[in-house]
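Peer 1: Residue numbers (our numbering): 9 to 341.
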Amino acid sequence: MKEKMKKILFINFGGLGDEILFLPSIISVKKEYPDSEITLALEPRSKGILTLTNIIDNTLYADIKGRNKYFELLKLLIKIWTKNFDIVISSGSNKFISVFLFLTFIKHKYGYNSGKLSEYLLTKAIPLNKKQYAAKMYHNLVEQITTNKTELPQINIEKKDIIENSVLIHPGVSKLSVSKGMIKTINADIWAEVAEKLSDAGKQVILAGGPDDKEVIETILKKVPQDKIKNFYGKTKNLKELAELISSSEIFLCSDSAPLHIAVALGIKTYVIFGSTDDKKLIPQNDKVTPIKADNCNCPIRPCLWEYRQKTCNSPECLNISSDYIVNKILQK
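1) Where are the beta strand (DSSP E) runs, 3 residues long or more, that stay fully inside the segment 67-129, in chain order?
2) Take every Cβ of the segment 167-182, pair it with every Cβ of the segment 283-303, and state whether three or more of those distances are shorter than 8 angstroms.
3) What's the C-alpha gap between Val202 and Gln234?
4) At the level of alpha carbons, what is the spacing between Tyr118 and Lys15?
5) Identify, in the order they occur along the chain, each residue of the same chain with its Cβ nearer than 6 angstroms to the Cβ of Asp287, setting aside the five sequence neighbours on each side.
6) Classify Trp199: buried if its beta carbon has 16 or more other beta carbons within 10 angstroms, exposed otherwise.
7) Rank Thr193, Ile291, Lys277 and Asn148 by C-alpha distance to the C-alpha of Lys132 and give the top, closest one.
8) Quick one: which unbroken beta strand (DSSP E) runs of 3-plus residues sit fully inside the segment 193-271? Chain order, please.
9) How many Å lie between Asn294 and Phe21 at the Cα?
10) Of the choices Pro219, Arg53, Glu258 and Ser265, whose alpha-carbon is the least far from that of Asn173?
11) Quick check on Gln309: buried or exposed, where buried means 16 or more other Cβ atoms within 10 Å of its Cβ?
12) Using beta-carbon positions only, say whether Asp65 and Glu45 come within less than 7 angstroms of one another.
13) So Glu252 and Ile153 are supposed to be a Cβ contact under 8 angstroms. How far apart are they, rounded?
14) To the nearest angstrom, how far is the alpha carbon of Ala216 from that of Ser265?
15) Per the DSSP calculation, Tyr279 is bridged to which residue(s)?
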């Protein structure tokens, strides 16, 4: 099979963070088949991944978050029929995925085991283990076809020189998650207090964000004196430039969002605010990444998001994290 496997299709629908976490799977397969042509099918909102890696040769898009989900999938299927792929690997766990993969008529089909039908329709139905780091969960999909193991995301950018004693703060989360009722970070006032206290402690504080972060950035800038913070909001024009800025930071402080996974890929010392999401699934368990979580939360189902709820509760005590607690975590030796 190895000699014949030249055109490989990966399918991963999700946000930019998901695409970054999916990279180790693609990298391992590419190492196994270095002459292969890699195509990634993804959502248009996540196309920024192409600025972070050179491993993807072609892309196919399907806007499955829009009103015409099934029409989009049909268009994707028609495109796939014209490409003559040798293998397809999909990260979706929905029962419909195995049917979709079967309808691609690609010879070798790999996806998660979603029941008896998937076992019948797929070349291999891979057990889905959600109780692990997401990059590892995705990597399980390719372990039948490669002996390579890529543990962490890897991105291709030109790293910048480290700014001494710097803390880069990226406070926001995507507007899509907010619109869906997923509150995953502390409020803007707390972020402002954190920025000012880190500056008072002698840190060179740098502020960054994208269009989704406009409101929280404006609040921070109103509350923190200009001489205590370097404002890079709006100065990074794309995801690659943001990644380059992250690479220059001594410490990166962020929410559970895509920039977190960029920092992990770059090996930057990172502190992450976690509330309702599970840090064990979203960050590697190493000394480069430290989760910051409320230590006084008595919620019996924490972390709850996705496992027990599809949106955050009305009173998320899991985000009752003080600025002093966050700053002390960062400053402690």
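For each residue, glycine too, the CB sits at the ideal point set by N, CA and C.
Peer 2: On the basis of the supplied data:
1) 95-98 and 116-120
2) no
3) Counted from its first residue, the sequence shown places residue 202 at position 194. Counted from its first residue, the sequence shown places residue 234 at position 226. Cα-Cα distance, rounded: 15 angstroms.
4) By 1-based counting over the sequence shown, the position of residue 118 is 110. By 1-based counting over the sequence shown, the position of residue 15 is 7. Answer to the nearest angstrom: the Cα atoms are 14 angstroms apart.
5) On the sequence shown, position 279 is the one that residue 287 refers to. So the list reads Pro299, once near-sequence residues are dropped.
6) Here residue 199 refers to the residue found at position 191 of the sequence shown. It counts as buried.
7) Position 124 of the sequence shown, counting from 1, holds the residue named residue 132. Per the Cα distances, Asn148.
8) 212-215 and 257-263
9) Taking the sequence shown and counting its residues from 1, the one referred to as residue 294 is at position 286. Taking the sequence shown and counting its residues from 1, the one referred to as residue 21 is at position 13. Distance between the alpha carbons of Asn294 and Phe21: 27 angstroms.
10) On the sequence shown, position 165 is the one that residue 173 refers to. Among Pro219, Arg53, Glu258 and Ser265, the Cα nearest to that of Asn173 belongs to Glu258.
11) As a working mapping, residue 309 is identified with position 301 in the sequence shown. It is Ile, not Gln, that sits at residue 309 in the sequence shown. Exposed, because fewer than 16 other Cβ atoms sit within 10 Å of the Cβ of Ile309.
12) The residue given as residue 65 occupies position 57 in the sequence shown. The residue given as residue 45 occupies position 37 in the sequence shown. Yes, these two residues count as a Cβ contact at 7 angstroms.
13) Taking the sequence shown and counting its residues from 1, one reaches residue 252 at position 244. Taking the sequence shown and counting its residues from 1, one reaches residue 153 at position 145. With a Cβ gap of about 33 angstroms, Glu252 and Ile153 do not count as contacting.
14) Indexing the sequence shown from 1 puts residue 216 at position 208. Indexing the sequence shown from 1 puts residue 265 at position 257. Their backbone Cα atoms lie some 13 angstroms apart in a straight line.
15) As a first step, residue 279 is located in the sequence shown; it is residue number 271 there, counting from the start. In the DSSP assignment, Tyr279 forms a beta bridge with Leu261 and Thr298.
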